[in-house]
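Report on one structure; see the data block that follows.
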Amino acid sequence: MSSSTRKNIETQSSKEFTGIELKSPATYAAGFTGVKVALQHTFKEMGAFKSLQTLSHMNQKDGFDCPGCAWPDPEHRSKIAEYCENGAKALAEEATSSMVVNAFFSNYSIQEISRWSDYKIGKSGRLVAPMILKPGSNHYEETTWEEAFRLIADHLHALSNPDEAIFYTSGRSSNEAAFLYGLFARAFGTNNMPDCSNMCHESSGIGLSETLGIGKGSVKLEDFDQTEVVMVIGQNPGTNHPRMLSALEKCKANGGKIISINPLREAGLIRFRNPQEISGMLLNGHGLTDIYLQVKINQDVALLKLIEKKLAALDKLEGKVFDHEFIVKYTEGYESLLTHLDTHSEQELLELCGVNEKLVDEAVALLSKKSKIIICWAMGLTQHKNGVENIKECVNLLLLKGSLGKPGAGTCPVRGHSNVQGDRSVGIMHFVSKELNAAIKNVFGFNAPEHEGVDVVKAIPAMYEGKAKIFVGLGGNFVSAASDTEYTAKALQNCDLTVQISTKLNRSHLITGKTALILPTLGRSDKDLKDGKPRHFTVENSMGIVHQSKGFLDPISDEIKSEPEIVAGIAATYFRDDHPVKWKLLGSNYELLREKLGEVITSFKDMNTKSEGSGYYLPNNVRDLDFSKLPNQRAQFSMTGLPVHNLKENEYLLMSIRSHDQFNTTIYGLNDRYRGIHNERRVLFMNEADMVRENFKKMDVVNIMSNYDGEERRVFQFLVIPYQIPQGNLAAYFPETNPLIPIHEYADKSNTPISKSVRVSLEKA
């Protein structure tokens, strides 16, 4: 690794700490404090009047979709505030009045900017004009759109093979942009279309597809009003999906119960003070979790097997615990599952999961009497070596209880970015779909490639080894989001050209190929105008609803283009307008683009009208109990294995987490008030018994090391914070801990990085 690479990925590891202040962890989420913090962020970035006016349009039927998470909007929406604290923060980041102009890059070299924290880089402001970093230069300079498109086209023409190009997609892109982007990649001749879902919910997609026939969840928002039990596993909704708390609150109000399974006790799972209610603003709000199972990191399968084993024993004694009618009619593998469960003893599973048996028995007693069960999860289940099997074990429990295809029951993978699910639905994928290829041939008249491309963890070695020479990113912050940060940084630096289509400056603009381009694009809240007339785009939320999004704010610069226009500009310049696809026309005429999307993917047919208002649901076979695409046309029980970590005596399992002032790699501030951390991010949460064992005291400074295949990786100077976390487990924020995650360690089948279960050791700094 060159010294320049190490400098460019440096955040604050060699600087002084920022002045940590510790408080007791919060016992509730939201409330008056949430409102105050949300307004503070927006007022600071946008001013009071602009903030209030713009917030009133966010998540409204005639407004714009939140640039944050993918939680769905209710049919009847609050006119006061149909958004959460972190949604307001996301808007403030996107709609800031600060700008990154040409003079900014004249004043600061990429070396200097790269030594800033991710927080400071993100606060630089909106990108307002195309910028180029020429070979050997340390400063970006302004360029024209025509020159940028021509440079990309020339580099693409110079490749010896289309697979030498990587086309990455972030979940912030629209359905229209993602479809056009995927169409161009296939027309160019490659399926190298990694996307951010490879790093988060790919395990969900694989696990659900193999067991239920669709890689999406099956519940609707109204199911939370009718459910009897919601199980929240490996998810922290109070920080990552705050509007979900309203759905959990309704569940409780209607008599439902909540079981939370998580290594950390999270404020957003304990109590919710709804800021739209008097009881939430002035009183104590509503308790949420009824049974909190504080499982050890990555021992969810052991806990779920233990629950299933105890339920099976009850069913054998009492009957009517499992839904045998459902099992016989719709499933396959039930007897094999029971035989498999018998290979484990209750004591073995209890010791592995680390949960108090009395609490497990309470959960079993509750589940034994209920059939309307929803299981929600996020990256706490997916980002492990056995991520796919974690999902399959959740499905096992739902199949045993017959908790699918009826109101108040089903699967609920909660997506982390507002259109990451839509990207996949419109064709962003590295694998081959013969059905999609045939439709593209029929509608557009060209042959799409028939060989598999690379996902994220395969794209990085391809660039590192010089097999891929061009990287194009449609949104996102690739270098900070991916695992093995130094390796990823070197991979990008090995490219001849890197192109980032972005709204704001981030670290990926500083880790570049020999030539680099930044192409500024409209944000969710920006008006998208063509000849003075507004256009809209569409997104798909976490529950499969496709709906419109219409920007409200005047763009901060006339030089900014929409994502479809940028993709079309690249494609038209590359093909020199000699191609069956009329790129420029599709990039400017969104209605025509949606018509063509509907012709290629029939579930999007007539979306120009169907996506109005609340939008429409895409087809979902699980809701109809249609398993015709699975073996023997039945949902599949799975025989999953227990995870194996082989920890040495001095090793721990580390999980990466978000702070409350963070969304993915975007850092809104330096506080994590729900966990009691203020003005610092380099902290390590540790069990007090483990601290005694290591002779650590509170606020000791430690380095963290991982060692895989004899190669040691380190991150430096973290403050030890005693916290209620199982012994042998640690937690720290990403992207600060991403350098510890080996590029070649990822989930079986899904290739999702093992960000939530990294073997590490510690040393005093």
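Note that the sequence shown covers residues 1 to 765 in full-length UniProt numbering. We put the beta carbon where it would ideally sit given N, CA and C, even for glycine. Just so it is clear, the structure is predicted and the values come from calculations on it, not from any experiment.
Straight-line Cα distance separating residue j from residue i
i	j	result
V128	V100	7 Å
A177	R673	36 Å
A70	I721	32 Å
P72	G380	21 Å
F734	N664	8 Å
S614	K79	15 Å
E389	E202	12 Å
A516	Y464	17 Å
F105	M691	45 Å
L654	N729	6 Å
Which listed residue (the options) has its alpha carbon closest to that of residue i
i	options	result
V35	E176, T144 and N274	N274
F17	N679, E763, M705 and E711	N679
M244	D690, M429 and W377	W377
I152	G669, N664 and G513	G513
K764	V472, N695, S755 and D748	N695
G473	K749, F105, A165 and I754	A165
T143	L529, P742 and I518	I518
K320	H645, K370, L740 and M281	K370
S750	L55, Q276 and K385	K385
L630	Y330, L221, E266 and I307	Y330
N620	F478, G217 and G587	G217
A747	F149, A90, C200 and S24	C200
N650	F104, Q727, K316 and G189	Q727
K469	P413, G87 and L156	L156
E450	Q633, G405, A187 and L647	A187
Three-state class that DSSP yields for residue i in the structure shown
i	result
R6	Low per-residue confidence applies at R6: pLDDT is 35, beneath 50, and the placement is therefore not dependable, though the value from the model is reported in the following sentence. In the structure shown, R6 sits in a helix (DSSP, three-state: H, G or I).
P520	strand
C251	helix
M429	coil
L497	strand
D578	coil
R675	helix
R535	strand
D37	Note on identity: in this sequence residue 37 is Val, with Asp being the wrong assignment. It is helical.
M639	coil
T602	helix
I511	coil
Y746	strand
L474	strand
S170	coil
E93	helix
K316	helix
C412	strand
H324	helix
Q12	In this prediction, Q12 has a pLDDT of 37, which is less than 50 and means its spatial position is unreliable; nothing more can be read from the coordinates.
Cβ-Cβ distance between residue i and residue j below 8 Å
i	j	result
D290	I261	no
L293	S368	no
G268	T227	no
P194	V454	yes
D223	G408	yes
F272	G256	no
I667	G122	yes
A302	C251	no
I460	A491	yes
N419	S173	yes
K458	S638	no
V426	G182	yes
G47	G68	no
Span of the beta strand (DSSP E) around residue i
i	result
R376	Reading the sequence as shown, one finds Cys at residue 376 and not Arg. Here the beta strand (DSSP E) through C376 covers I373 to W377.
G544	Where G544 is concerned, there is no enclosing beta strand (DSSP E), given that its DSSP letter is neither H nor E.
S204	That residue, S204, is in no beta strand (DSSP E); its alpha helix (DSSP H) goes E202 to L212.
V443	Element bounds for V443: not the beta strand (DSSP E) but the alpha helix (DSSP H), K434 to F444.
Host alpha helix (DSSP H) of residue i (start-end)
i	result
Y83	Segment: none, Y83 is in no alpha helix (DSSP H) and carries neither H nor E.
V567	E563 to F575
K406	Careful: K406 lies outside any alpha helix (DSSP H) and carries neither H nor E.
C353	E346 to C353
D154	W145 to A158
Q299	Per DSSP, Q299 belongs to no alpha helix (DSSP H) and is neither H nor E.
G587	W583 to S588
N729	Element bounds for N729: not the alpha helix (DSSP H) but the beta strand (DSSP E), N729 to Y733.
K358	E357 to S368
beta-carbon residue i near the ligand MG non-hydrogen atom, thresh 7 Å
i	result
E563	Within the structure as shown, the ligand MG is missing, as the structure has no ligands at all.
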